[in-house]
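Numbering (my numbering), first residue to last: 31 to 390.
Every residue gets a Cβ at the ideal spot worked out from N, C-alpha and C, and that includes glycine.
All remarks here apply to the structure that follows.
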Ligand SMILES: [Zn+2]
């Protein structure tokens, strides 16, 4: 049975999402989660996945959501971030079926101070659920890794109880991922804090599984957000295998298999193929990709500009003649498309790295 026999194309939620992650774990691959900020980037990511015949995850960060709605809108009370995430999710729901692949709509890191954003998205999920029997988003992420483990688990569990009736999945983060993202700076933390302990994973698993089986865990194993020289921080994806073994041992005969936990890989930019492989073989089902795809989009536009520079200096006049028009070079559909094509290649590379090619 292929994935296409198990999960229908279009937006995937609830039991189908769990089946998708189960299938990925069983077949030893993970799905890239690409941060999108516009319809252009969404289309490129969908096109990339369609052409390698694979499922894909599109996610919106808090800042990316606000950008989607428009930088001109006020966002003091998270209103633009709420609006943008909802608009992005609705856009994906409209176009995803045309691409014929399973698509997961997810919201990225939400720290404690951003909870009003989370609440706003959940309200939209509940409204959508009333009408369609499923949430608007497939899943959301709460990042309370800055808080104590107890508070982290407590707040996550509270939200899980609200999300469980509509079968919306929660991704949580435990331990500290180095680097900087969306204003949370962890560049100076001690390296011991960069590795989650197996007991922490079990505490989370135990609390959450009393509510639902729709949750994933982003554990810290020396990963770093963004691209920068991490100094003495070393990636140890084999630790995830130890976590799986520990949880399995605690579960005893109730363990469904050798990998009871769905892990998520954050801060993976610059990881080697070997490190990614090890992470996936230890039960990572989702890997965030943002920094490298941002660069790819820009690089496509940059290369286009450099190769057509003489045609991009004025509306009329280029090396072929003073009266020659340049519209076909400065039309946004041309240079934005160059960014999309470069992004498509990078997303397909991420799919290859994660074994997510021809997985339908
Ligand atoms: Zn993270």
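Bridge-paired residues (DSSP) for residue 89 | 65, 136
Given that a residue counts as buried once 16 or more other Cβ atoms are within 10 Å of its Cβ, and exposed if not, what is residue 57?
-> exposed
Same chain, Cβ closer than 7 Å to residue 105, five either side skipped, listed in chain order = 96, 111
Which of helix, strand or coil does DSSP assign to residue 373?
-> helix
Closest residue to residue 330 among 90, 364, 266, 88 (Cα-Cα distance) = 364
What are the partner residues of residue 225, as DSSP defines its beta bridges?
-> 251
Output yes or no for whether 8 Å exceeds the beta carbon distance between residue 33 and residue 269.
-> no
Could you spell out the range, first to last residue, of the beta strand (DSSP E) harbouring residue 127?
-> First-last for residue 127: 109 to 129, but that is the alpha helix (DSSP H), not the beta strand (DSSP E).
Roughly how many whole angstroms lie between the Cα atoms of residue 373 and residue 282?
-> 44 Å
Distance between residue 347 and residue 313 (C-alpha atoms, nearest Å) | 57 Å
In its own chain, which residues sit with a C-beta less than 6 Å from the C-beta of residue 237, not counting the 5 before and 5 after it?
-> 183, 187
Whole-number beta carbon distance between residue 169 and residue 200, since they are thought to touch under 8 Å | 7 Å
By the 10 Å Cβ neighbour count, where 16 or more other Cβ atoms means buried, how is residue 173 classified, buried or exposed?
-> buried
In chain order, what residues of the same chain have a beta carbon less than 6 Å from the beta carbon of residue 127, not counting five sequence neighbours either side?
-> 40
Would you verify that the beta carbon of residue 243 is, or is not, closer than 8 Å to some beta carbon of chain C?
-> Structure shown: chain C not included; a single protein chain is present.
Residue 152 - containing beta strand (DSSP E), residue span = Not the beta strand (DSSP E): residue 152 falls in the alpha helix (DSSP H), residues 145 to 162.
Touching by the beta-carbon criterion (3+ pairs, under 8 Å), the region 68 to 79 and the region 109 to 125 | yes
Which of helix, strand or coil DSSP assigns to residue 273 = helix
Determine the direct distance from the alpha carbon of residue 140 to that of residue 147, and round the result to whole angstroms.
-> 8 Å
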